[in-house]
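Everything below concerns the one structure shown next.
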Amino acid sequence: MTDRVIQLVSESTRNIPLNFAPVASNAVPVRDTLQRKIHDLRISVTDRCNFRCVYCMPKSVFNKDYQFLPHSELLSFEEIEKIATVFVKLGVEKIRLTGGEPLLRKNLETLIDKLSKLQTLDGKKVELTLTTNGTLLRKKAQVLKNAGLDRVTVSLDALSEGVFRQMNDVDFSVAEVLDGIEAAAEAKLGPIKVNMVVKKGMNDHEIIPMASYFKKTPHILRFIEYMDVGASNGWKMDEVVSSSEVLQRISAELEPLECIDPNYTGEVAERWRYTSGQGEVGVISSVTQAFCKDCSRIRLSTEGKLYTCLFANRGHDIRALIRRQEHQDQTDLLLENAVRNLWAGRTDRYSEIRSANTSQAGDRIEMSYIGG
Ligand code: SF4
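Just so we're aligned: the sequence shown equals residues 1 to 372 in this note's numbering.
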């Protein structure tokens, strides 16, 4: 079989060299050009997934010919730990493990055990979270908790089996995901957040059934506006259901909602509570209510590139630095300089400047590659 690689955009054009020069300021936490501090590190531990969600990893692109990264290209757990240690030193307080589907990465608990020992600048345990499609949680939840994972976010786009299978485009059932959520609750990996991407004409009629179901549980359901992430989901603005419409529907058909304060500056979801006090929902409104002004997230791809925005089209390779043989004793310092310089020069605010032109640009990095 000829090796047919489906390359969305050639890699060489995607890498921006890092600046290893000593930095002007040693202030921590590091702040970018919009005075946003670095707080969340999202680490993609695999580019593979057992789902083919139409808004993230459509089968038309991620089919049997798609060449995923060979294992030798992936950062090892030791390399991820080394990088995460430098980020925590610069102010990161929360690490989220993503993918693809992170639970497909073998022995992930070994990495979690390493990262769970990291302490923030003020001596607290770094918060360790994970985003998953839930299908492997029954098997892994307790092991992950024992290794030091704090909590999970589970993706679930519908309660209707038919709609769910249409969205994930593989043969996994809602029951398996709900059982995974149950297993996470039993393992005390909460508060559990459940993410639903809403696409008009596909699952927006599931908003009320989902809200009604999770209102009776301690889990927090978050509605995510369908986004123009990557270059392969064929995004159209008229398939977006705005968060304000979602909240209006719930208030009209279920129970009125009231807005509540964020847990911390830069939190992605806007929090809402039912006026009866029973249950909380969230909305993530990247399309209609940009939240770039407090964005404190940086992403590390599976094979060692840094991305300062979910909608980036180029990254910064740090694996080469980590894997070089000479001057190993200087690696941490050079990595620290590089990350400081990178973040200090950050200007990203894609959601604020999104337009018909930007959303049609076909060279953005795939969400399945750098995690949501
Ligand atoms: S669009 Fe980029 S800068 Fe804005 S919130 Fe998302 S990741 Fe942050």
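Where a beta carbon is used, it is the ideal one built from N, C-alpha and C, also for glycine.
Bear in mind the structure is a predicted one, so any value in this text is a computation, not a measurement.
Just to confirm, is the Cβ distance from residue i to residue j under 8 Å?
{"i": "Ala211", "j": "Val281", "result": "yes"}
{"i": "Leu18", "j": "His316", "result": "yes"}
{"i": "Ile38", "j": "Val92", "result": "yes"}
{"i": "Arg48", "j": "Phe77", "result": "no"}
{"i": "Leu130", "j": "Arg96", "result": "yes"}
{"i": "Leu118", "j": "Val163", "result": "no"}
{"i": "Lys64", "j": "Asp169", "result": "no"}
{"i": "Val152", "j": "Arg222", "result": "no"}
{"i": "Asp113", "j": "Leu128", "result": "no"}
{"i": "Ala141", "j": "Leu189", "result": "yes"}
{"i": "Ser351", "j": "Ser286", "result": "yes"}
{"i": "Leu144", "j": "Val194", "result": "no"}
{"i": "Ile365", "j": "Ile83", "result": "no"}
{"i": "Leu257", "j": "Thr275", "result": "yes"}
{"i": "Arg346", "j": "Asp122", "result": "no"}
{"i": "Gly180", "j": "Arg249", "result": "no"}
{"i": "Glu303", "j": "Glu73", "result": "yes"}
Using the rule of at least 16 other Cβ atoms within 10 Å of the residue's Cβ for burial, across every protein chain shown, is residue i buried or exposed?
{"i": "Gly100", "result": "buried"}
{"i": "Asp261", "result": "exposed"}
{"i": "His205", "result": "exposed"}
{"i": "Cys259", "result": "exposed"}
{"i": "Ile353", "result": "exposed"}
{"i": "His71", "result": "exposed"}
{"i": "Thr110", "result": "exposed"}
{"i": "Met237", "result": "exposed"}
{"i": "Asn203", "result": "buried"}
{"i": "Leu310", "result": "buried"}
{"i": "Arg324", "result": "exposed"}
{"i": "Asp348", "result": "buried"}
Which residues in the same chain have their Cβ closer than 7 Å to the Cβ of residue i, if we skip the five residues on either side of it in sequence?
{"i": "Phe20", "result": "Leu334, Asn337, Ala338"}
{"i": "Leu380", "result": "The structure shown does not extend to residue 380, since the chain is modelled only from 1 through 372, so no value can be given for it."}
{"i": "Ala147", "result": "Glu109, Ile112, Asp113, Ser116"}
What residues in its chain sit with their C-beta under 6 Å from that of residue i, if we drop five residues either side in the sequence?
{"i": "Thr13", "result": "Note that Thr13 scores 47 on pLDDT, short of 50, meaning its location in the model is unreliable and no value can be drawn from it."}
{"i": "Ile370", "result": "Ser44, Arg299, Ser301, Tyr307"}
{"i": "Arg4", "result": "Low confidence applies here, because Arg4 scores a pLDDT of 39, under 50, leaving its location unreliable; read the following figure in that light. Excluding sequence neighbours, Arg4 sits near Asp65."}
{"i": "Phe51", "result": "Asn133, Asn168, Val170"}
{"i": "Gly240", "result": "First, the residue type needs correcting, since residue 240 is Val and not Gly in the sequence shown. Counting only Cβ-Cβ distances below 6 Å, and skipping sequence neighbours, we find Glu225, Tyr226, Val287."}
Excluding sequence positions up to five away, which residues of its chain have a Cβ less than 8 Å from the Cβ of residue i?
{"i": "Leu90", "result": "Val28, Pro29, Val30, Ile38, Glu336, Val339, Arg340, Trp343"}
{"i": "Asn233", "result": "Val54, Tyr55, Cys56, Pro58"}
Return yes when at least one heavy atom of the ligand FAD lies under 7 Å from the C-beta of residue i, else no.
{"i": "Tyr66", "result": "The model on display carries the ligand SF4 but not the ligand FAD."}
Fully enclosed by the region 37-101, which beta strand (DSSP E) runs are 3 residues long or longer?
40-44, 94-98
Would the region 207-221 and the region 288-303 be scored as touching if the rule is three or more Cβ pairs under 8 Å? no
Q) Could you give the uninterrupted runs of the beta strand (DSSP E) lying entirely in the region 251-316, keeping only those of 3 residues or more? A) 257-260, 270-274, 280-284, 297-300, 305-307
- Write down every uninterrupted run of the beta strand (DSSP E) in the region 179-231 whose length is 3 residues or greater and which is fully enclosed by it, in chain order. 193-198, 220-225
Note to self: Is it the case that the region 225-234 contacts the region 165-182, given that we only count it when at least three CB pairs across the two stretches are under 8 Å?
What the structure shows: no
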